[in-house]
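Report on the following structure.
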Amino acid sequence: MNRVVIKIGTSSLTDQKGQLSEVKMKKIVHQVAKLQRSEVWQPVLVSSGAIAIGLESLGWSRQITVSEKQAAAAVGQGLLIEKYRQLFAKQGLQVAQLLLTRADIEDRKRFIHIRNTMETLIRHRIVPIVNENDTVAVEEIEFGDNDSLGSFVALVTEAQRFILLTDIDGLYTANPHRVAEAKRIDKIYEITKEIESLAAGSESMVGTGGMRTKVSAAKIATHSGIDVVIASFEEPNVVEKVLRNEPIGTRFYPQQRMSSKKSWLAYSTRSEGKLIIDQGAAQALTSRGSSLLLAGVKGVKGNFAVGAVVDIISEYDQLIGKGMVNFSDRDLVHLLERQSLGERFNNYHECIHRDQLVVLQEEEK
Ligand SMILES: Nc1ncnc2c1ncn2[C@@H]1O[C@H](COP(=O)(O)OP(=O)(O)O)[C@@H](O)[C@H]1O
Ligand SMILES: N[C@@H](CCC(=O)OP(=O)(O)O)C(=O)O
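Using the numbering used here, the first residue of the sequence shown is number 1, and each one after it goes up by one.
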């Protein structure tokens, strides 16, 4: 069966006062339940709304501290999932709550546990409902917005489609709330710097990130081979229409599909250092998919242990890729010194094996 991740923003779940709107929630629940019954698509929901609902329930304003926001999320998340539970139960479906942070996805073991849990839930026809674990998410470990979280959920679940439902029917040439003559872009084959520059932040009281985070989430997903659509929540039967490839919203076409491990390496991990490599090694990596041998390494930056993820950089400071390194920075420095004194190493001194390495086609660093 095919898998689809549907991300729904705060504005699509709340009314003008920031209160949870049962009418809006029913709309998404009906669509997800219908998909589940179709036996063609397995849906996974990424739902925002905890902070807005928590604030409303506590009677707090939006001018609050980080810990008050986290407290509001802790209150709101319970209310949100309870409402989902009730509405899905009426459709004969059970729901599961998954609260994640970036740190959970960066760690390979946790990533695999999340993947296995997702698989089990989906196999049992339980609807996974994911949100950021706002109560523990601080800057260093947070996604910061559910658009990014959604793209990682699409990677974890190896989804074919990723739909971002929001308060506007796609990406426009400029924010239409500011520029009246802005036009919607229907199809995007490649997310260039120019496309990225069209996307601005959120104008609403409740949204986080606006189109900026949606386009960057679309970039991660399309580069992992996932088809992405940004569409309006208000469009009747929007999910079904998107999956039938009706021309609504903005569709981002996928690039070549990467293996799940390589997608994880490319987009879920944080680099702890850098390896600077020569032209010959860059050529071997990009055109022959070779492993990175010590002979091609020119320099090392940062402090890292064996198994850490590092950026692979050209001598011209261009990002070539990322990989899991077989030596600590200290050992690499020793080996490079000995190499410079004429010692030759065989293939045993493979710095990064090709299965642990992903080439990234960045336009520029
Ligand atoms: N180029 C653009 N095209 C469309 N919308 C844009 C653009 N740039 C910024 N936006 C803003 O992005 C908003 C949607 O994002 P956001 O408020 O974060 O919603 P959500 O809560 O659904 O994530 C739109 O309402 C609009 O104000
Ligand atoms: N995790 C937060 C939502 C963060 C977020 O990205 O919100 P939105 O832009 O409305 O999708 C919450 O549940 O309130």
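We put the beta carbon where it would ideally sit given N, CA and C, even for glycine.
In this text, all values refer to a predicted model and were calculated from it rather than measured experimentally.
Closest in alpha carbon position to N326, among L335, I320, S148 and L319, is L335. Taking the Cα of H223 as reference, the smallest distance to any Cα among A159, G273, D278 and D169 is reached at A159. DSSP places D227 outside any alpha helix (DSSP H); the residue lies instead in the beta strand (DSSP E), whose first and last residues are D227 to S232. In this model, H349 and A103 are separated by some 30 Å (Cα to Cα). In this structure, the straight-line span from the alpha carbon of I122 to that of A137 is close to 26 Å. Proximity of the beta carbon of G210 to ligand 1 is indicated: a heavy atom of the ligand is located closer than 7 Å.
With fewer than three CB-CB distances shorter than 8 Å, the stretch 275–290 does not count as touching the stretch 196–207.
Taken in chain order, the unbroken stretches of alpha helix (DSSP H) that lie wholly in the stretch 15–46 and span 4 residues or more are 22–38. Relative to ligand 1, the nearest heavy atom lies less than 7 Å away from the CB of S11. For the pair of segments examined, the stretch 237–245 was found not to touch the stretch 261–274: the number of CB pairs separated by less than 8 Å stays below three. In the structure shown, Y84 adopts helical secondary structure according to DSSP, grouped into three states.
For I248, there is no enclosing alpha helix (DSSP H), as DSSP marks it with neither H nor E. According to the DSSP secondary-structure assignment, R184 is paired through a beta bridge with Y172. Counting only residues of its own chain and dropping the five nearest sequence neighbours on each side, P43 has a CB closer than 7 Å to the CB of V4, I6, V32, L35, Q36 and V127.
Between ligand 1 and T166, a heavy atom-to-CB distance of less than 7 Å is present. For Y172, the shortest C-beta to heavy atom distance toward ligand 1 is below 7 Å.
Boundaries of the beta strand (DSSP E) around N2: N2 to I8.
At least one heavy atom of ligand 2 falls within 7 Å of the beta-carbon of E132. The stretch 205–219 makes contact with the stretch 163–182: 3 or more CB pairs, one atom from each, lie closer than 8 Å.
By the CB criterion at 8 Å, G209 and D147 fall inside the cutoff. Ligand 2 has no heavy atom closer than 7 Å to the beta-carbon of S232. Per the DSSP secondary-structure output, A200 pairs with nothing in a beta bridge. According to DSSP, residue pairing for Q97 in a beta bridge involves I129. Straight across, the Cα-Cα distance linking A71 with E56 is about 12 Å.
In chain order, S21 place their CB closer than 7 Å to the CB of D15, counting only its own chain and leaving out the 5 sequence neighbours on each side. Selection V130, L171, V179 and P176 evaluated against E194 yields L171 as nearest (Cα-Cα). Fewer than three beta-carbon pairs drawn from the stretch 45–55 and the stretch 100–115 are found closer than 8 Å, and the two stretches are therefore not classed as touching. The beta carbons of R184 and T120 sit no closer together than 8 Å. Your pair V306 and L265 does not check out as a contact, with CB atoms roughly 16 Å apart and the cut at 8 Å.
At a cut-off of 7 Å, the beta-carbon of S48 counts as near ligand 2: some heavy atom of the ligand is closer than that.
Residue pairing from DSSP places D311 in a beta bridge opposite K274 and K322. One Cα belongs to R125, the other to A73, and the distance between them is close to 27 Å. In this chain, the alpha helix (DSSP H) harbouring L121 covers R108 to R123.
Counted as a single uninterrupted DSSP element, the stretch harbouring E139 is not any alpha helix (DSSP H), since DSSP gives it neither H nor E. In the same chain as Y189, and ignoring 5 residues on each side of it, the C-beta atoms closer than 7 Å to its own belong to Y253, in chain order.
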